[in-house]
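**Student:** Just so you know, numbering that gives the first Met the number 0 puts the end of the sequence shown at 161, numbered straight through with nothing missing.
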Amino acid sequence: MLKLAKEMILHHEEVKNSVDNLKPNLTKYHQLYEQRFTIYNELVSLRNEQLLVQQVVRSPVQHNFELEKQEFELKQNISGNVKNDLGVLNLVLDQTPMEMEQLKSDYNEEVKPRIIELEDDMQQIIEEINQIATRIDDEFELLQKFEFNYGKYEITIIKVIY
Numbered sequence: 000m001l002k003l004a005k006e007m008i009l010h011h012e013e014v015k016n017s018v019d020n021l022k023p024n025l026t027k028y029h030q031l032y033e034q035r036f037t038i039y040n041e042l043v044s045l046r047n048e049q050l051l052v053q054q055v056v057r058s059p060v061q062h063n064f065e066l067e068k069q070e071f072e073l074k075q076n077i078s079g080n081v082k083n084d085l086g087v088l089n090l091v092l093d094q095t096p097m098e099m100e101q102l103k104s105d106y107n108e109e110v111k112p113r114i115i116e117l118e119d120d121m122q123q124i125i126e127e128i129n130q131i132a133t134r135i136d137d138e139f140e141l142l143q144k145f146e147f148n149y150g151k152y153e154i155t156i157i158k159v160i161y
């Protein structure tokens, strides 16, 4: 029994020494496990970021594709409309020089002389108003006179105070 007790004590000490020898390895294992867990979390985080970046990168590409498609359709519509408009425009341009000449001659023959005539009439009316204002100014002492320019015309308004 003593012999058995000695063997058990020796065995216990061997196990204790083995455990003591394993403790640094176990601590190192725990540290490595924690590092592995940290690295794994970082990898997951990086993967998520990569997926987000891919989404962001793909999204504009898809969006650009849609924009390019819309742009192409618009260009087709516009080119069709432009062709139609150009046909109409060419017809109008073919007729426009003749019409413009007609409008110029009408303006020079009818409108311009009438404008000159109206300007002359306006000038005569303004001169008459100014003559009347001058006569009234001479006859009445208490007058209020307002003079202002209307374009190239000078107009005088007189207010008689009794």
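By construction, the Cβ of each residue, glycine as well, lies at the ideal position given by its N, Cα and C atoms.
In this text, all values refer to a predicted model and were calculated from it rather than measured experimentally.
Between the alpha carbons of SER17 and GLN30, how many angstroms are there, rounded?
**Tutor:** Whole-angstrom Cα-Cα distance: 20 Å.
**Student:** Do ILE154 and ILE114 have their C-beta atoms within less than 8 Å of each other?
**Tutor:** Not a contact, by the Cβ cut-off of 8 Å.
**Student:** Give the straight-line distance between the Cα atoms of THR133 and SER104, rounded to the nearest whole angstrom.
**Tutor:** Computed Cα separation, rounded: 43 Å.
**Student:** Using the Cα positions of LEU117 and PHE71, report the straight-line distance between them to the nearest angstrom.
**Tutor:** Roughly 57 Å between the two C-alpha positions.
**Student:** What does a CB cutoff of less than 7 Å around GLU67 pick up in its chain, not counting 5 residues either side in sequence?
**Tutor:** Nothing meets the Cβ criterion.
**Student:** Please report how far the alpha carbon of GLY150 lies from the alpha carbon of GLU126, in whole angstroms.
**Tutor:** Those two C-alpha atoms are separated by around 15 Å.
**Student:** What's the C-alpha gap between GLU109 and ILE124?
**Tutor:** Approximately 23 Å, taken between the alpha carbons.
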